[in-house]
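S.K.: Residue numbers (the numbering used here): 698 to 764. Built from N, CA and C at the ideal position, the CB exists for glycine as well. Encoded as structure tokens, here's the structure I'll be asking about.
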Amino acid sequence: MVTRLHALAIVALLIALVGGLPGIAAPAKAAPRTVRVATHDIEPFVMSHDNLKSGFTIDILDQIAKH
Numbered sequence: 698m699v700t701r702l703h704a705l706a707i708v709a710l711l712i713a714l715v716g717g718l719p720g721i722a723a724p725a726k727a728a729p730r731t732v733r734v735a736t737h738d739i740e741p742f743v744m745s746h747d748n749l750k751s752g753f754t755i756d757i758l759d760q761i762a763k764h
């Protein structure tokens, strides 16, 4: 009788663990979104050339956006 009770307890525990697995799975990937950033031209941090921004701050912001 005790072994049967242990077997039922183990089966119940396994069912509970398997039921909790979807919560452990990796989260869904978020949809891409647009982030706007305001800057002011101060060389070498931000520079404008033909209405395109470049410079140290722009490089950092690009790397942050990739991650």
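Helix, strand or coil for His746 per DSSP?
M.R.: Translated into positions along the sequence shown, residue 746 becomes position 49. Reduced to three states, the DSSP call for His746 is strand.
S.K.: For Ile757, report the span of its alpha helix (DSSP H) as first-last.
M.R.: For the purposes of this step, residue 757 is taken as the residue at position 60 of the sequence shown. Residues Phe753 to Lys763.
S.K.: Tell me whether the beta-carbon of Lys750 lies closer than 9 Å to the beta-carbon of Thr736.
M.R.: Here residue 750 corresponds to residue number 53 of the sequence shown, with the count starting at 1. Here residue 736 corresponds to residue number 39 of the sequence shown, with the count starting at 1. Contact flag set, yes.
S.K.: Determine the direct distance from the alpha carbon of Asp747 to that of Glu740, and round the result to whole angstroms.
M.R.: As a first step, residue 740 is located in the sequence shown; it is residue number 43 there, counting from the start. As a first step, residue 747 is located in the sequence shown; it is residue number 50 there, counting from the start. Cα to Cα, the separation comes out at about 15 Å.
S.K.: From Leu758, Pro724, Leu710 and Arg701, pick the residue whose C-alpha is nearest to that of Val732; which is it?
M.R.: Position 35 of the sequence shown, counting from 1, holds the residue named residue 732. The candidate whose alpha carbon is nearest that of Val732 is Leu758.
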